[in-house]
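Asks: UniProt numbering applies: residue 1 is where the sequence shown begins, and numbers increase by one.
Submitted below is the structure of interest, expressed as structure tokens.
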Amino acid sequence: MTISMIDSASGMSRVLTADTKARDDLIREMWAPMAGMYHFIPGGVDMATVHQQNFGFRPDSAIEQVREGLEFLVAADAWTRVEKALENGIATLASADPGVTIPDLNVLLVLGDPTSQHFVGEVQGLSGFGGISGYIAITVWPTSRVLDRLEAIAVHELHHNVRYSPGGIVWDPQTVMVGEHVVSEGLADIFASELYGDAGYTHFVRDETRSDDQVLAKVASGLGVTGMADFAAWVLGDSSAQLFGAEPVGLPTGAGYAAGARFVRAYLDVTGTTAAQNASTPASEILRIALPRLGLTTDAAH
């Protein structure tokens, strides 16, 4: 397999030095290698819109701030670090499960929108997407915390990518359950922690949320909710749900990540396995073992 790191440092530099009217087309050009993510949509999509949906920097505002952000990413050797982390993660996954499918990867690292309070404040400068086999998009704002976690962020998305590659879990947007999404986030965070220690855990989830038994129970009550259109509140929390036009359910930011990590940890403790060994383990199996161990009912998981 191959890792193709898109030269988005040069791509972003071209966007930021171009006339305003030319920037959208340059953003489309930068994102073009990722267009295969949307192969299932007839006619494809506008990749400039995809950039915006991923909290990408705006072509018409805060340009000087984004230029400074690019300087920080370049100084941090971000692209090399992400690539090396992916190589490390791939080797770990292949060793843990020799039968797992590791796809060729197209990887895009871009700067987010520093004017978005939700992006900078609520999710603390991070939006990652690795759920479509062969493609990983990582949008960041280069705070010291984000820069410290670059490797962990990359392998978190890698775990998702392998989980949803051929031979792994099939994600049907209409029938997939909250439980699958929650478990996948727990697996990805714990996999990242297996490689990078505490830095592996997604940083926009507060410690209080991770240890809150009421949050755990509330997420457990929604594990059987189907259709990803209603997932935002259960996984990302109410703030993200409201931003995306979904109904809040009374959960803090990152609740699904926190609960997912506890579900997965309980399963791993019982089975004596690792997150690396369970990239393709069905969520139903993980929850079947984890929920009773945590004193929760298994009813919601079905």
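Where a beta carbon is used, it is the ideal one built from N, C-alpha and C, also for glycine.
Restricting to Cα atoms, I'd like to know which of 72, 166 and 32 is closest to residue 104.
Replies: Per the C-alpha coordinates, the member of 72, 166 and 32 positioned closest to residue 104 is 166.
Asks: Pull up the distance between the alpha-carbon of residue 288 and that of residue 1, whole angstroms please.
Replies: 34 Å
Asks: Just the Cα atoms here: how many angstroms apart are residue 265 and residue 60?
Replies: Approximately 44 Å, taken between the alpha carbons.
Asks: Indicate, with yes or no, if the ligand GTP has a heavy atom lying under 7 Å from the CB of residue 181.
Replies: The ligand GTP is absent from the structure shown, which contains no ligands of any kind.
Asks: Are there three or more Cβ pairs, one per stretch, closer than 8 Å when the stretch 149-166 is compared with the stretch 69-87?
Replies: yes
Asks: Tell me, to the nearest whole angstrom, how far the beta carbon of residue 177 is from that of residue 251; I am working on the premise that it is less than 8 Å.
Replies: Contact doesn't hold; Cβ gap of about 16 Å is too wide.
Asks: Out of 203, 196, 40 and 146, which one is the CA nearest neighbour of residue 89?
Replies: 196
Asks: Going by the DSSP bridge assignment, what does residue 54 pair with across the sheet?
Replies: Residue 54 pairs with nothing; no bridge assigned.
Asks: Using the rule of at least 16 other Cβ atoms within 10 Å of the residue's Cβ for burial, across every protein chain shown, is residue 297 buried or exposed?
Replies: exposed
Asks: Could you say which of 20, 220 and 208 lies nearest to residue 62 if we only look at CA atoms?
Replies: 20
Asks: Consult DSSP for residue 61 and reduce its assignment to one of helix, strand or coil.
Replies: coil
Asks: With respect to the alpha helix (DSSP H) encompassing residue 204, which residues constitute its N-terminal and C-terminal limits?
Replies: Element bounds for residue 204: n/a, residue is neither H nor E.
Asks: Would you tell me roughly how many angstroms separate the C-alpha atoms of residue 11 and residue 109, rounded to the nearest one?
Replies: Taking C-alpha positions only, residue 11 is separated from residue 109 by approximately 10 Å.
Asks: What residues in its chain sit with their C-beta under 8 Å from that of residue 142, if we drop five residues either side in the sequence?
Replies: 69, 72, 73, 76, 78, 111 and 125
Asks: Using CA coordinates, which residue listed in 276, 138, 53 and 293 is at the minimum distance from residue 191?
Replies: 276
Asks: I'd like the ranges of any alpha helix (DSSP H) spanning at least 4 consecutive residues and lying wholly in the stretch 207-295.
Replies: 207-211, 213-221, 232-235, 238-243, 255-271 and 283-293
Asks: Identify which residue in 65, 261, 235 and 260 has its Cα closest to the Cα of residue 249.
Replies: 235
Asks: Which runs of the beta strand (DSSP E) fall wholly inside the stretch 3-43 and span at least 3 residues, in chain order?
Replies: Segments of the beta strand (DSSP E) lying fully in the stretch 3-43: 3-5.
Asks: Where does residue 177 sit, in a helix, a strand or coil, going by DSSP?
Replies: strand
Asks: By the three-class DSSP mapping on this structure, what secondary structure does residue 164 have?
Replies: Residue state, collapsed to three classes: coil.
Asks: Could you please give me the residues that DSSP links to residue 137 through a beta bridge?
Replies: 108 and 129
Asks: Could you pull out every residue in the same chain whose Cβ sits closer than 6 Å to the Cβ of residue 101, ignoring the five residues on either side in sequence?
Replies: 165, 166 and 167
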